[in-house]
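Taking full-length UniProt numbering, the leading residue of the sequence shown gets 1, the next gets one more, and so forth.
Encoded as structure tokens, the structure appears first; notes follow it.
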Amino acid sequence: MKKNDLYELSYELKRQLHLRIIVSVSSFVFLCVFITLILNFFVFPVRQKSVSMEPSVSPGACIMISRLYNEIKRGELILVQPKRAVKIPFALRALDYVAAFFTGQQVFPFSKARGAETPLLRRAVGLPGDTIYMKDYVLYIKPAGQQYFLTEFEYMKTPYQVSIDPLNSEWDSTLGSIGNFDPVFLDKDEYFVLGDNRTCSLDSRLWESLSRRSIVGKGLFQYFPLSGMRIF
1 MKKNDLYELS YELKRQLHLR IIVSVSSFVF LCVFITLILN FFVFPVRQKS
51 VSMEPSVSPG ACIMISRLYN EIKRGELILV QPKRAVKIPF ALRALDYVAA
101 FFTGQQVFPF SKARGAETPL LRRAVGLPGD TIYMKDYVLY IKPAGQQYFL
151 TEFEYMKTPY QVSIDPLNSE WDSTLGSIGN FDPVFLDKDE YFVLGDNRTC
201 SLDSRLWESL SRRSIVGKGL FQYFPLSGMR IF
């Protein structure tokens, strides 16, 4: 092989290598942008870290959340932002979602650095127009236009269970995750949310009712662990 031929071959190999690198980098950037757009505007996963939603959702379970919904229905699993959200620029929020996606929802570098409150999974039990009260950790509901109170379970189309661990007889049920409160009327754009673990959950009993703006999305399905896969 002539010397010129070797130069041409070397040049061609370098050109192909550079082309492969450009294609690989471009594909990776496109994938990141695509994932970011999906996670920002359509669906995204969350990982349950506490016992607040047991027995329905155990710690470690991963739930896919949809940002696209028309209305909140009674009994639905929703993701809420209980406190006023810290404003995070779109670019940093996008990088947060990418980092979370590739680390199994373990790393949110920019949200935590700015002290943003982590959204929480809760169940929507009280809707605008309802009058509600709680007795022994069970919610009683009288929807607008109805005459009588019924338990939350009698109004739910999708069955679910709640956990009410037996408490010490000396425990004051008006403290902490309270088990009793007097009738409250939910005005327009007021939603009352509860954790399924009634004796170990931060929810509307502490925060009071939430507005529609505090609802980040609705639960679609649980995809981890595999043995617990289901549609909500």
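Every residue, glycine too, gets a C-beta built ideally from N, C-alpha and C.
Please read all numbers here as calculations on a predicted model, not as lab measurements.
At a cut-off of 7 angstroms, would you count residue i as near the ligand ADP, judging by its Cβ distance to the nearest heavy atom?
i: Glu-152; result: Here there are no bound small molecules, and the ligand ADP is not part of this structure.
What is the residue span of the beta strand (DSSP E) that residue i lies within?
i: Phe-153; result: Careful: Phe-153 lies outside any beta strand (DSSP E), inside the alpha helix (DSSP H) at 152 to 155.
i: Tyr-140; result: 138 to 142
i: Ile-78; result: 77 to 80
So, under 8 angstroms CB-CB, residue i and residue j are touching, yes? Tell me the CB distance rounded to an integer number of Å.
i: Val-193; j: Ile-78; result: 7 angstroms
i: Arg-74; j: Leu-127; result: 6 angstroms
i: Ile-65; j: Lys-218; result: 7 angstroms
i: Ile-164; j: Thr-199; result: 6 angstroms
i: Val-51; j: Asn-197; result: 6 angstroms
Tell me the rounded alpha-carbon separation between residue i and residue j.
i: Gln-48; j: Ile-35; result: 21 angstroms
i: Val-43; j: Leu-68; result: 8 angstroms
i: Phe-149; j: Val-33; result: 50 angstroms
i: Ala-85; j: Trp-207; result: Any reading at Ala-85 must be qualified, since the residue scores a pLDDT of 49, below 50, and its modelled position is unreliable; no value is offered.
i: Tyr-223; j: Val-46; result: 10 angstroms
i: His-18; j: Leu-37; result: 28 angstroms
i: Ser-227; j: Phe-221; result: 13 angstroms
i: Glu-12; j: Ile-63; result: 49 angstroms
i: Glu-152; j: Val-162; result: 11 angstroms
i: Tyr-155; j: Val-138; result: 13 angstroms
i: Arg-15; j: Ile-22; result: 11 angstroms
i: Lys-142; j: Ser-204; result: 17 angstroms
i: Gly-60; j: Ile-215; result: 22 angstroms
i: Ser-177; j: Asp-136; result: 11 angstroms
i: Leu-31; j: Phe-41; result: 16 angstroms
I'd like to confirm the pairing. Which residues does DSSP put opposite residue i in its beta bridges?
i: Ile-63; result: Val-46 and Gln-222
i: residue 245; result: A question about residue 245 goes unanswered here, because the residues of the chain that appear run from 1 up to 232.
i: Gly-217; result: Leu-79
i: Lys-135; result: Val-138
i: Phe-181; result: Met-134
i: Ile-38; result: Answer by DSSP bridge pairing: none, since Ile-38 is not bridged.
i: Ser-211; result: BP columns for Ser-211 are empty, so no partner.
i: Ser-163; result: Asn-197
i: Ile-72; result: Partner(s): none; Ile-72 has no beta bridge.
Note the first and the last residue of the continuous alpha helix (DSSP H) segment covering residue i.
i: Arg-205; result: 204 to 207
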